[in-house]
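Notes follow the structure.
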Amino acid sequence: MLGERSLGRLSRHGIQRPFSVVLYRQQGGLSTWALRDRAHRVVAFDVSPAMLAEAPRFPGAHYLVAAAERIPLRDAAADLATVGAAFHWFDQPAAFAELARVLRPGGQLAVYSDFFLSRIEDIPDFATWFQQTYLPGYPNPRRHGHFDPGAAVAAGFAEVTSEQAEFPVPLTRRQLADFLLSQSNAGAAIGSGATTEARLAEELAHELAQFVPDGGTARVLYGIRTWTTTRLS
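The numbering used here numbers the first residue of the sequence shown as 2 and each following residue consecutively.
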């Protein structure tokens, strides 16, 4: 859904069937899936071999381990580049310069990021718990800011347009706990030795019981934001 929602803007930019597409951090293959019937050639890459290994394989797609700041493609090789939920980890000026290099003049850049809104529909106490109890105990690690339109323009892209929406996802208590365990703040706490995965999972199961009933689901709110721009001549 996220890939289709983000990439649905392509036809408005005059791209009906791009010849070559570069994808970075494609969120479990979402971008590859959305483009599988739209592009003649797809190259997907991620700096993490483990993440890349988990991506579903599709005919005609090639998979490479590489950083966004050093894309192993020739100049002007692609008609479209997409980045999913990763720009806040990049050295943005370097990444924009590299994306501008591999895109042909007139090529498109589509960036999307889905994010947890820290809210459950009709349960306001969850947001209070998350912001005042959970995050102070497990703070987010330091990272770069989100997509910087000024840095895109400085690298040779046109004015950036953006859209944002929110949507609910029904989750069981276990699914919500697993999602929170997958986030970077939980990973940082586990990696530092401040807690263990088992201990944090037990803590989350206990805390989330007040918000999600046994055997039930809660409508957890997420947002998605997309940015699109064109590589200038």
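Each residue gets a CB set at the ideal place from its N, CA and C atoms; glycine is no exception.
Small disclaimer: the values here were computed from a predicted structure and weren't measured.
Do residue i and residue j have their C-beta atoms within less than 9 Å of each other?
{"i": "Leu104", "j": "Ala77", "result": "yes"}
{"i": "Thr83", "j": "Thr162", "result": "no"}
{"i": "Val112", "j": "Leu74", "result": "no"}
{"i": "Pro150", "j": "Arg232", "result": "no"}
{"i": "Tyr223", "j": "Val154", "result": "no"}
{"i": "Glu70", "j": "Phe46", "result": "no"}
{"i": "Leu172", "j": "Thr218", "result": "yes"}
{"i": "Ala62", "j": "Val48", "result": "no"}
{"i": "Ala199", "j": "Arg174", "result": "no"}
{"i": "Ala101", "j": "Ala156", "result": "yes"}
{"i": "Tyr64", "j": "Ala56", "result": "yes"}
For the candidate residues the options, whose alpha-carbon lies nearest to that of residue i?
{"i": "Ile235", "options": "Val221, Ala95 and Ile225", "result": "The structure shown does not extend to residue 235, since the chain is modelled only from 2 through 234, so no value can be given for it."}
{"i": "Phe117", "options": "Ala166, Thr134, Ala69 and Trp90", "result": "Ala166"}
{"i": "Gly138", "options": "Leu205, Arg226 and Val213", "result": "Leu205"}
{"i": "Thr134", "options": "His147, Phe97, Pro142 and Ser119", "result": "Ser119"}
{"i": "Ser141", "options": "Leu201, Glu99 and Ala187", "result": "According to the sequence as given, residue 141 is Asn; it is not Ser. The candidate whose alpha carbon is nearest that of Asn141 is Ala187."}
{"i": "Ser234", "options": "Leu172, Phe158, Tyr223 and Ala199", "result": "Phe158"}
{"i": "Pro214", "options": "Ala56, Leu65, Ile121 and Ala51", "result": "Ile121"}
{"i": "Pro60", "options": "His41, Arg102, Ala67 and Ser49", "result": "His41"}
{"i": "Ala152", "options": "Thr196, His89, Glu55 and Leu201", "result": "His89"}
{"i": "Ala178", "options": "Asp80, Phe212 and Val66", "result": "Phe212"}
{"i": "Thr129", "options": "Gly192, Ala79, Phe148 and Glu208", "result": "Glu208"}
{"i": "Arg226", "options": "Gly192, Phe148, Gln132 and Ser185", "result": "Phe148"}
Evaluate residue i with the Cβ neighbour count: other Cβ atoms within 10 Å of its Cβ, from every protein chain shown; 16 or more gives buried, anything less gives exposed.
{"i": "Glu203", "result": "exposed"}
{"i": "Gln109", "result": "buried"}
{"i": "Gln93", "result": "buried"}
{"i": "Gly85", "result": "buried"}
{"i": "Glu160", "result": "exposed"}
{"i": "Glu99", "result": "buried"}
{"i": "Ser114", "result": "buried"}
Determine the extent of the beta strand (DSSP E) in which residue i is found, giving its start and end residues.
{"i": "Arg63", "result": "Note on residue identity: the sequence assigns His, not Arg, to residue 63. Residues Ala62 to Val66."}
{"i": "Trp130", "result": "Not the beta strand (DSSP E): Trp130 falls in the alpha helix (DSSP H), residues Pro125 to Trp130."}
{"i": "Val276", "result": "Residue 276 is absent from the model: the chain starts at 2 and stops at 234."}
{"i": "Gln133", "result": "Segment: none, Gln133 is in no beta strand (DSSP E) and carries neither H nor E."}
{"i": "Pro106", "result": "Leu104 to Ile121"}
{"i": "Arg71", "result": "Careful: Arg71 lies outside any beta strand (DSSP E) and carries neither H nor E."}
{"i": "Ala45", "result": "Arg42 to Asp47"}
{"i": "Ala219", "result": "Thr218 to Thr231"}
Since residue i is in the alpha helix (DSSP H), which residue starts that stretch and which ends it?
{"i": "Pro150", "result": "Pro150 to Ala155"}
{"i": "Glu55", "result": "Pro50 to Glu55"}
{"i": "Gln176", "result": "Arg174 to Ser183"}
{"i": "Leu209", "result": "Glu198 to Leu209"}
Is the closest heavy atom of the ligand PLP to the C-beta of residue i under 8 Å?
{"i": "Arg58", "result": "Among the ligands in the structure shown, none appear at all, so the ligand PLP cannot be discussed."}
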